[in-house]
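Colleague:
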DNA sequence: GTAACTGCAAAATATTTGCATCCTT
DNA sequence: AAGGATGCAAATATTTTGCAGTTAC
């Protein structure tokens, strides 16, 4: 049986290698977003730091993942939904950062509301970043 | 006559030094946001890199400036409006990044629209980052 | 077989920390 | 005078680049 990861890589016109499989696996195993550091930690020792950089960059270019800015200096990445691999992204959902457990998740179902800009400004893309307490931490 | 910068520093309970004056001056001279690198460049050679780090951090703590995340790995900073120095910020405005000239500005007049989160999530702070073409680049 | 991917080494950058000195109050 | 701020040196951490060996197709 072919691995799930392999199908995804193939669909995105990427050659299938152990490194890519493994990183992709990490993303599939959880719904939260991962930073470069997270990946290095979770992938274990036998992984070159440089490969992680290059893999993330390729995944980004191919639209397999998207980047999520943050207020501390660490960008996180999350899987894109299926239909965004065509080159242009449709990441119009809200990102949530939990101030308690520190995880970042995509709220796929929450669409970023429209915003009216002053005259002269043209909006191309909107990122919305909400911080607070997540579902798991809140009880 | 007392300098404008000095009054601001005093109001924020910061001792008045050349370094702080100069960095604050940079923020006052323009309406866009500045990254650490921007400040180093604009401040000229006679400035220790470390002082910039420490000054920005102090300004942040005192609520004199706020940080603006970005999709590339560089956080930018912008002056807060007067009434946000009390410790808690009211930075509920939209930030705009121009993809043409690269500048980041605060759209003070554009309030971040409310967003409805799924059950269990509690929102504490919302950041909205719009990218596109700014007023100056658009003609 | 060829082009692409990886690991290693090293360079280039960026950030943090400790400490002695200087400046603000 | 005392506490805080700065500059310098150095320790860390992060990211990028070149190249030779390996792997996918």
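Protein chains in written order, with the numbering used here: chain A, 1 to 139; chain B, 1001 to 1139.
Ideal Cβ positions, reconstructed from N, Cα and C, are used throughout, including at glycine.
Ordered along the chain, which non-local residues of its own chain (more than five positions away) have a Cβ less than 6 Å from that of residue 126 of chain A?
Modeller: Correct list, in chain order: 112.
Colleague: Cβ atoms of residue 117 of chain A and residue 1110 of chain B: under 8 Å apart, would you say?
Modeller: Yes, the Cβ-Cβ distance between residue 1110 of chain B and residue 117 of chain A is below 8 Å.
Colleague: Hey, quick one: how far does the beta strand (DSSP E) through residue 1133 of chain B stretch, first residue to last?
Modeller: Element bounds for residue 1133 of chain B: 1122-1133.
Colleague: How about residue 1081 of chain B: is its C-beta nearer than 8 Å to some C-beta of chain A?
Modeller: So, not an interface residue.
Colleague: Using only the alpha-carbon positions, how far apart do residue 1058 of chain B and residue 38 of chain A sit?
Modeller: If I take the Cα positions, the gap works out to 29 Å.
Colleague: With a 10 Å radius around its C-beta and 16 neighbouring C-beta atoms as the bar for buried, classify residue 22 of chain A as buried or exposed.
Modeller: Classification of residue 22 of chain A: buried, given that the 10 Å Cβ count is 16 or more.
Colleague: Would you call residue 1087 of chain B buried or exposed, if buried means 16 or more other Cβ atoms sit within 10 Å of its Cβ?
Modeller: Only weak support exists for where residue 1087 of chain B lies, its pLDDT of 46 falling under 50; the value from the coordinates is given anyway. That one is exposed.
Colleague: Residue 1097 of chain B: which of A:94, A:69, A:106 sits nearest, CA to CA?
Modeller: Residue 1097 of chain B has its Cα closest to that of A:69, out of A:94, A:69, A:106.
Colleague: Buried or exposed: which applies to residue 1076 of chain B, given that a residue is buried once 16 or more other Cβ atoms fall within 10 Å of its Cβ?
Modeller: It counts as buried.
Colleague: Of the residues that make up the stretch 95-126 of chain A, which ones have a beta carbon closer than 8 Å to any beta carbon in chain B?
Modeller: Those residues of the stretch 95-126 of chain A that come within reach of chain B (Cβ to Cβ, closer than 8 Å) are 96, 99, 107, 109, 110, 112, 113, 114, 115, 116, 117, 118, 119, 120, 121, 122, 123, 124, 125, 126.
Colleague: What are the start and end residues of the alpha helix (DSSP H) that includes residue 1079 of chain B?
Modeller: Run containing residue 1079 of chain B: none in the alpha helix (DSSP H); it sits in the beta strand (DSSP E), 1076-1079.
Colleague: Under three-state DSSP, which class holds residue 1087 of chain B?
Modeller: Note on residue 1087 of chain B: pLDDT 46, under 50, position unreliable in the model; the coordinate value appears next. Coil at residue 1087 of chain B, not helix or strand.
Colleague: Find out if the Cβ-Cβ distance for the pair residue 1101 of chain B, residue 1080 of chain B is shorter than 8 Å.
Modeller: Against a cut-off of 8 Å, the Cβ pair of residue 1080 of chain B and residue 1101 of chain B comes out as no contact.
Colleague: Counting only beta-carbon atoms, is residue 1035 of chain B nearer than 8 Å to chain A?
Modeller: No, its Cβ sits nowhere closer than 8 Å to a Cβ of chain A.
Colleague: Please say whether residue 1062 of chain B and residue 1014 of chain B have beta carbons closer to each other than 8 Å?
Modeller: Against a cut-off of 8 Å, the Cβ pair of residue 1062 of chain B and residue 1014 of chain B comes out as a contact.
Colleague: Nearest-angstrom Cα distance between residue 51 of chain A and residue 17 of chain A?
Modeller: Near 11 Å, if we compare the C-alpha coordinates of residue 17 of chain A and residue 51 of chain A.
Colleague: What does the alpha-carbon distance come out to for the pair residue 121 of chain A and residue 1138 of chain B?
Modeller: Whole-angstrom Cα-Cα distance: 7 Å.
Colleague: Using a Cβ-Cβ cut-off of 7 Å (strictly less than) and excluding sequence neighbours within five positions of residue 1020 of chain B, which residues of its own chain qualify?
Modeller: If we look at residue 1020 of chain B and ignore the five residues flanking it on each side, its Cβ neighbours are 1009, 1014, 1055.
Colleague: For residue 85 of chain A, which residues of its own chain have a beta-carbon under 8 Å away from its beta-carbon, when the five flanking residues on both sides are left out?
Modeller: Only weak support is given to the placement of residue 85 of chain A: the predicted model assigns it a pLDDT of 49, under 50, and the question is left unresolved by the model.
Colleague: Grouping DSSP H, G and I as helix and E and B as strand, with all else coil, what is residue 102 of chain A?
Modeller: Note: residue 102 of chain A maps to coil in three-state DSSP.
Colleague: List in chain order: all unbroken beta strand (DSSP E) runs of 3+ residues lying wholly within the stretch 9-88 of chain A.
Modeller: Within the stretch 9-88 of chain A, the complete beta strand (DSSP E) runs of at least 3 residues are 65-68, 76-79.
Colleague: List the DSSP bridge partners of residue 1107 of chain B.
Modeller: Per DSSP, B:1094.
Colleague: Who are the Cβ neighbours of residue 1119 of chain B in its own chain at under 6 Å, not counting the five residues just before and after it?
Modeller: Counting only Cβ-Cβ distances below 6 Å, and skipping sequence neighbours, we find nothing.
Colleague: Determine the direct distance from the alpha carbon of residue 41 of chain A to that of residue 1124 of chain B, and round the result to whole angstroms.
Modeller: Rounded to the nearest angstrom, the two C-alpha atoms are 29 Å apart.
Colleague: Find the residues of chain B that neighbour residue 135 of chain A, judging by a C-beta separation of less than 8 Å, and give them in chain order.
Modeller: Result: 1118, 1119, 1120, 1121.
Colleague: Nearest chain A C-beta to residue 1073 of chain B closer than 8 Å, yes or no?
Modeller: Yes, contact with chain A.
Colleague: Output, in sequence order along the chain, the residues in the stretch 1001-1027 of chain B whose CB is closer than 7 Å to any CB in chain A.
Modeller: Residues: none.
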